[in-house]
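A.B. asks:
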Amino acid sequence: MNDSQVTIDLTYAKNALFVRQSVAVAFGIHIDRELTWGFLKNSICGSEDLTMPKRVIIRGLPSDSGVLGEESQMLRGLLRAVRTVHNIEVQIVLHD
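Residues 851 to 946 in our numbering are what the sequence shown lists, from first letter to last.
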């Protein structure tokens with residue numbers, strides 16, 4: 851990943867797999883395996899092989915309630931860890 855910014859668009863997310871795959875693709879992780887939040891956190895925060903962007907923008911974060919509520923909470927936890935470990939700016943845009 852050579853960009854100084856990545857955008858993860860979850861505006862049309864309908865299930866947990868879409869959310870996790872979107873995060874994996876944004877950080878250059880292959881989606882050919884089971885994508886758990888633990889795996890994503892270890893891959894993103896524990897790897898020095900990944901080139902990190904300076905900024906991550908999340909668009910259309912799923913509501914904390916409903917079907918994707920738990921995924922939203924897990925994503926927020928991952929973003930906090932990424933921000934701390936890699937000193938990356940994280941911006942969440944709920945509406946354009």
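Note that beta-carbon positions come from the ideal geometry of N, C-alpha and C, so glycine has one too.
#1: Nearest-angstrom Cα distance between N852 and F868?
#2: Quick check: the Cα distance between G910 and S872, rounded to an integer number of angstroms?
#3: Given a cut-off of 8 Å, decide if K891 and L928 are closer than it, judged by their beta-carbon atoms.
#4: What distance in whole Å lies between the Cβ atoms of L885 and A874, which are believed to be in contact at a cut-off of 8 Å?
#5: Can you find at least 3 beta carbon pairs, one from the region 895-907 and one from the region 915-922, that sit closer than 8 Å?
#6: Just mark S922 as buried or exposed, buried being the case when its beta carbon has 16 or more other beta carbons within 10 Å.
#7: For T941, which residues in the same chain have their Cβ closer than 6 Å to its Cβ, ignoring the five residues on either side in sequence?
#8: Give a yes or no on whether the C-beta atoms belonging to I894 and V932 are separated by under 8 Å.
#9: With a 10 Å radius around its C-beta and 16 neighbouring C-beta atoms as the bar for buried, classify R870 as buried or exposed.
C.D. replies: According to the data block:
#1: Here N852 scores only 49 on pLDDT, less than 50, and its place in the model should not be relied on; the value that follows carries that caveat. Cα-Cα distance, rounded: 23 Å.
#2: Looking at the two C-alpha atoms, the distance is approximately 12 Å.
#3: Yes. Within cutoff.
#4: 6 Å between Cβ atoms; contact.
#5: No, they do not touch.
#6: So S922 ends up on the buried side.
#7: The displayed chain sequence assigns Gln, not Thr, to residue 941. The residues I907, in chain order, have a CB closer than 6 Å to that of Q941 in the same chain once the five nearest residues on each side in sequence are set aside.
#8: Taking 8 Å as the Cβ cut-off, I894 and V932 qualify as a contacting pair.
#9: That one is buried.
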